[in-house]
Amino acid sequence: MLAGTTPVLVHNCNDPVYRGDARPPEEIKAAGGFIPQDPSSERSLLDYASDIRNKSRFVGTSKSADIAATYFGGREGYVYEISGAPGGIDVNKELGSLSPSPHEREIAFDGGIPWEYVTRVWKKDEWGEVDFDYDEPIWER
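Quick note, the sequence shown lines up with residues 1106 to 1246 if you use this note's numbering.
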């Protein structure tokens, strides 16, 4: 599928995805989850993936916890594990060779991710990192 069309390749596996975010869990929960910056945006998936600084209806995650910790949320913040959320779009499969950042292994959620799908949260250390083999989550469902 190309820009401007409705994405159809949906991430339907049981593996969790991860999102780095500067906001603490209490703030995400109070908002009802991860809400897109512009839910009514008509920007295509390609446009979103090419320039995530512009507001869109997509919320990005990664198949990799380490990538989420590195690329999302800045140096300070949190990494959220999300399990079972419906409607994730595998950006690399959807865009193929047009995917601008295949190394991010992104799963984008059109319309956001409700809080009920957040399963664990880690706080980044002073270097902006999380050792997922050693560090305990600060919250889990």
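For each residue, glycine too, the CB sits at the ideal point set by N, CA and C. None of these values were measured; they are calculated from a predicted model.
| Query | Result |
| --- | --- |
| Alanine 1173 and serine 1167 closer than 7 Å at C-beta | yes |
| Span of the beta strand (DSSP E), counted from its first residue to its last, around alanine 1213 | 1211–1215 |
| Closer than 6 Å: alanine 1174 CB and nearest the ligand FAD heavy atom | In the structure shown, the ligand FAD is absent, as is every other ligand, since no ligand is present at all. |
| Residue interval of the beta strand (DSSP E) (run including valine 1184) | 1183–1187 |
| Meets three-Cβ-pair contact criterion under 8 Å: the region 1140–1157 and the region 1204–1213 | yes |
| DSSP state of aspartate 1126 mapped onto helix, strand, coil | strand |
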